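A.B. asks: Handing you a structure now.
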Amino acid sequence: MKLILYLFSPQRRKGRKDNAKVFLCATFAFSASLRFKKCKESNSYSVKSFFNMRNNKEMHERNIVNIEIINRGNRFSLLGETGSSYIDPSVRRHWDDLKVKLDEGAPLRLLIVNPFCKSKRLRNELNGVTTKLDPKLKLEIIYNLYRKYPNVDVKFTDEIYCSIFFSEREMMYDPYHLGKVADRLENYFLAFHFEDRNASPGSFSYYKILKNHFEILWTKAIDLETFIDMYRSHLQEAGLESIVTLSQT
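In terms of our numbering, the sequence shown is residues 24 to 272.
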């Protein structure tokens, strides 16, 4: 404030043009100060960074951060429609790094959106999916993971709010929406990287809020075996008789 008063003092007045320049400089400095304060405030609530997924460079940066979360973590939880970016080897995005952790015994809780629930059917309709299952959902991969790794637990939920992948200290958050652009839901939106810097009891952070979100869904979700029993006929109609048969052995 003293700087601004000095800039407008008689000693500094040299005409309207100079004052205009000074005003612009002062405004810029004040705006930068507010942005810095806002950044510090966001960081205190665990916001590490965010990414515009319509920008290829930022999308690449987000994928790098995801890999770093995996490499730095020791236990993981994933909530998503299909989980394909993390568990499908053909996607070649995060599976190679996650597999190393699973082979080492790191626990993974996999919470997948029930492919037959009302909300998922609506998303399929808006995306123009005409098959029984979302083609991105590879239930065979999920089932094989469950059978191969005793440290992998699988459940299904009817609640669709967001996608989150997190370790014991970091999280990647993707909001879900029903905003349709052209012939499908817009897939390239925003992603947020949260880091639980303040781990003291009772502290506030977006990481903790979304982790609690996952924990509540996890306690209400149905396990893999129950899911197969409940939707046996749906799975058979979708051509997944092998999963039904294997679950009975």
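Ideal Cβ positions, reconstructed from N, Cα and C, are used throughout, including at glycine. Owing to the predicted nature of the structure, the values given are computational and were not obtained by experimental measurement.
1. Output yes or no for whether 7 Å exceeds the beta carbon distance between P138 and L168.
2. Look at the alpha carbon of Y254 and the alpha carbon of P158, and state the distance between them as a whole number of angstroms.
3. Using the Cβ count rule (16 or more neighbours within 10 Å means buried), how would you classify S107?
4. By Cβ distance, which residues of its chain are closer than 7 Å to N261, with the 5 residues on each side in sequence left out?
5. Pairs of beta-carbons, one from the segment 117-125 and one from the segment 206-217, closer than 8 Å: are there three or more?
6. Cutting at 6 Å between CB atoms, please list the residues of its own chain near D176, excluding the five before and the five after it.
7. To which residues of the same chain is F73 closer than 8 Å at the C-beta, ignoring the five residues directly before and after it?
8. On the CB-based measure, 16 or more other CB atoms within 10 Å of its CB, does N147 come out buried or exposed?
9. Counting only the same chain and skipping the five closest in sequence on each side, list residues whose C-beta sits under 6 Å from that of K204.
10. Please classify G202: is it buried, with 16 or more other beta-carbons within 10 angstroms of its beta-carbon, or exposed?
11. Sort out for me which residues DSSP pairs D176 with in a bridge.
12. Taking one C-beta from the segment 240-255 and one from the segment 264-272 each time, how about it: are there three or more such pairs within less than 8 Å?
13. Taking only the alpha-carbon atoms, compute the straight-line gap between L101 and E191 and give it to the nearest angstrom.
14. Which word fits N89, buried or exposed, when buried means at least 16 other C-beta atoms lie within 10 angstroms of its C-beta?
15. Could you compute how far the alpha carbon of E127 sits from the alpha carbon of F227?
16. Going along the chain, which unbroken runs of the beta strand (DSSP E) with 3 or more residues stay wholly within the segment 76-157?
17. Looking at C-alpha atoms only, which residue of G103, I87 and R85 is the closest neighbour of H236?
18. Is Y196 helix, strand or coil by DSSP?
19. On the CB-based measure, 16 or more other CB atoms within 10 Å of its CB, does H117 come out buried or exposed?
20. So what does DSSP say about D246, is it helix, strand or coil?
21. How many Å lie between K231 and F188 at the Cα?
C.D. replies: Per the coordinate set shown:
1. A distance of 7 Å or more separates the beta carbons of P138 and L168.
2. Their backbone Cα atoms lie some 18 Å apart in a straight line.
3. Under a 10 Å Cβ-count criterion, S107 is classified as buried, with 16 or more other Cβ atoms of the shown protein chains found around its own Cβ.
4. In the sequence under discussion, the amino acid at residue 261 is Ala, which differs from the Asn named in the question. Closer than 7 Å at Cβ, skipping near neighbours: K155 and L156.
5. These segments do not touch.
6. Hits under 6 Å: R132.
7. By the criterion of a C-beta distance shorter than 8 Å, F73 is surrounded in its chain by L213, A214, F215 and H216, once the five residues flanking it on both sides are discounted.
8. Label assigned to N147: buried.
9. Inspection of the sequence shows that residue 204 is occupied by Val rather than by Lys. Once the five neighbours on either side are set aside, V204 has no close Cβ partner at all.
10. Counting C-beta atoms within 10 angstroms of its own C-beta, G202 has fewer than 16 neighbours from the protein chains shown and is therefore classed as exposed.
11. Residue pairing from DSSP places D176 in a beta bridge opposite R132.
12. Short answer: they touch.
13. Near 12 Å, if we compare the C-alpha coordinates of E191 and L101.
14. Result: buried.
15. So the two alpha carbons sit approximately 32 Å from each other.
16. Those beta strand (DSSP E) runs which fall completely within the segment 76-157 and span 3+ residues are 99-103 and 131-136.
17. Looking at the Cα atoms, G103 is the closest of the given residues.
18. Three-state result, Y196: strand.
19. Result: buried.
20. D246 carries a strand assignment under DSSP once its states are collapsed to helix, strand and coil.
21. Straight through space, the alpha carbons of F188 and K231 are spaced by roughly 13 Å.
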